[in-house]
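So the sequences go chain by chain: A and B.
For what it's worth, our numbering labels the leading residue of the first sequence as 77, then goes sequentially.
For what it's worth, our numbering labels the leading residue of the second sequence as 77, then goes sequentially.
Using N, Cα and C, we set each Cβ at its ideal position, and we do this for glycine too.
Below is one structure, written out as structure tokens, with a few remarks after it.
Protein chains: 2
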Amino acid sequence: MSDLSKARLRLWLRLLKVSRRIEGDLRERLREGHRTTLPRFDVLAALSRAGTAMRMSDLSGELRVSNGNVTGLVDRLEAEGLVARLAAEGDRRATLVRLTAEGRAHFDTLATAHEAWVSRALGGLNAEDVTEMMRLLGRATGEGNERGAA
Amino acid sequence: MSDLSKARLRLWLRLLKVSRRIEGDLRERLREGHRTTLPRFDVLAALSRAGTAMRMSDLSGELRVSNGNVTGLVDRLEAEGLVARLAAEGDRRATLVRLTAEGRAHFDTLATAHEAWVSRALGGLNAEDVTEMMRLLGRATGEGNERGAA
DNA sequence: GATTTTTACTTCAGACCTGAAATATTTTTA
DNA sequence: TAAAAATATTTCAGGTCTGAAGTAAAAATC
Chain A
77 MSDLSKARLR LWLRLLKVSR RIEGDLRERL REGHRTTLPR FDVLAALSRA GTAMRMSDLS
137 GELRVSNGNV TGLVDRLEAE GLVARLAAEG DRRATLVRLT AEGRAHFDTL ATAHEAWVSR
197 ALGGLNAEDV TEMMRLLGRA TGEGNERGAA
Chain B
77 MSDLSKARLR LWLRLLKVSR RIEGDLRERL REGHRTTLPR FDVLAALSRA GTAMRMSDLS
137 GELRVSNGNV TGLVDRLEAE GLVARLAAEG DRRATLVRLT AEGRAHFDTL ATAHEAWVSR
197 ALGGLNAEDV TEMMRLLGRA TGEGNERGAA
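Shown next as structure tokens:
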């Protein structure tokens, strides 16, 4: 294996360590301060970003989790009254999910705190660092790595 | 919220998306090609890196997962014959975990493939990019972000 | 040295997550 | 249009993960 390959592996391990640390921090704050969980928050955030009702499969794609998982998450959020399922016009296979008024209010509270937590977790990066890292992350998995076999 | 705060939040979302994509890719390859899972691989990798037997709590800290989780993972790996538990000299509370010969051979096979997969997933980054990103990640969560309240 | 506190691990309930199989519906194809 | 293929979702088994509670042993304190 090349030196570059080994360097990329070390980078991956560091990336994983950083993201696990931040995820753990967010999870703890959501639990302690708001009696909720990160996956639930992620669903609400996706719905809020979309600004409209989403299909189950759109949620699944956006959050990069399986369909079965979304079913369970939406079940729980629905039981909590934060989201509602509704029929999709013209396609009886699909189900739409939207925020309830309560869900929207709940999310707005969380979102403010969440942004502050994340900003603090990445507090070592100034505006220039952030720009540079966005560029590198975009490049990391962009085009040009499709050739070759598994 | 400041622009910097919002930029950091966008960075976090992109970071998460990239790492989830790579994790999903690795998980699928481990399952399809080697009938195993990423958490199991992670445990073997930690033991291999350490080069010696590790305590359960060391594994837990290294992998950033809970103690209870490590108990279950080691249970399963032990049942597969890939790791073994042994008593810790001089401390009857602790349990050491080590790779078996079979576990080491299994891991060596996986590790080669794993390095290639990761390198390919980060194929858009050259040596200079990797160095720069390592630096930024180190800075992101390093010192200097401990002040202020929750 | 006895009591208290801390440490190491396991167990447990409950949530999360995956991939495969099942169900229902829509679209495509013959 | 009937059959086949594709799509959207749910259900399921099994693994992963957390935090809290429980057990046992070691260390600190009195």
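Cβ shell of residue i (< 8 Å), same chain only, five flanking positions each side left out
| i | result |
| --- | --- |
| Arg-105 (chain B) | Ala-189 and Trp-193 |
| Gly-166 (chain B) | none |
| Thr-113 (chain B) | Arg-103, Leu-106 and Arg-107 |
| Arg-180 (chain A) | Ser-124 |
Exposure label - residue i; buried when at least 16 CB within 10 Å
| i | result |
| --- | --- |
| Arg-111 (chain A) | exposed |
| Ser-136 (chain A) | buried |
| Arg-169 (chain A) | exposed |
| Ala-197 (chain B) | buried |
| Leu-89 (chain B) | exposed |
| Ser-133 (chain A) | exposed |
| Met-77 (chain A) | exposed |
| Leu-91 (chain A) | buried |
| Arg-84 (chain B) | buried |
| Ala-226 (chain B) | Annotation note: pLDDT 33 at Ala-226 (chain B) (below 50); position unreliable, no value reported. |
Contact set for residue i: own chain, Cβ-Cβ below 7 Å, skip 5 residues either direction
| i | result |
| --- | --- |
| Gly-157 (chain A) | Thr-176 and Glu-178 |
| Gly-220 (chain B) | Unreliable placement is indicated for Gly-220 (chain B), whose pLDDT of 44 sits below 50; no coordinate value is reported for it. |
| Arg-223 (chain B) | Summary for Arg-223 (chain B): the model assigns pLDDT 38, below 50, so the residue's position carries little reliability, and this model does not support an answer. |
| Glu-138 (chain B) | Ala-122 |
| Glu-241 (chain A) | Limits of chain A in this structure are 77 at one end and 226 at the other, which puts residue 241 (chain A) out of reach. |
Residue nearest to residue i in terms of C-alpha spacing, selected from the options
| i | options | result |
| --- | --- | --- |
| Leu-149 (chain B) | B:Thr-128, B:Gly-127 and B:Val-173 | B:Val-173 |
| Lys-82 (chain B) | A:Leu-213, A:Gly-214 and A:Asn-202 | A:Asn-202 |
| Pro-115 (chain B) | B:Thr-128, B:Leu-80 and B:Asp-151 | B:Asp-151 |
| Asp-101 (chain B) | B:Ser-124, B:Thr-128 and B:Ser-195 | B:Ser-195 |
| Met-130 (chain B) | B:Leu-162, B:Gly-109, B:Phe-117 and B:Glu-99 | B:Leu-162 |
| His-182 (chain B) | B:Val-119, B:Glu-99, B:Thr-207 and B:Leu-212 | B:Val-119 |
| Thr-185 (chain A) | A:Ala-155, A:Gly-127, A:Phe-117 and A:Thr-128 | A:Phe-117 |
8 Å Cβ cutoff met for residue i and residue j
| i | j | result |
| --- | --- | --- |
| Arg-95 (chain A) | Ser-95 (chain B) | Looking at the sequence provided, one finds Ser at residue 95 (chain A) rather than Arg. It is a contact, given that the beta carbons lie within the stated cut-off. |
| Leu-153 (chain B) | Val-146 (chain B) | no |
| Arg-86 (chain B) | Asp-205 (chain A) | no |
| Gly-144 (chain A) | Thr-217 (chain B) | no |
Residues near residue i in its chain [Cβ-Cβ closer than 6 Å; skip 5 each side]
| i | result |
| --- | --- |
| Ala-164 (chain A) | Ala-170 and Leu-172 |
| Glu-191 (chain A) | none |
| Ala-187 (chain A) | none |
Supposed close pair residue i, residue j - CB separation, criterion 8 Å
| i | j | result |
| --- | --- | --- |
| Arg-97 (chain A) | Arg-97 (chain B) | Not confirmed; about 19 Å, so no contact. |
| Leu-213 (chain B) | Glu-208 (chain A) | Not confirmed; about 12 Å, so no contact. |
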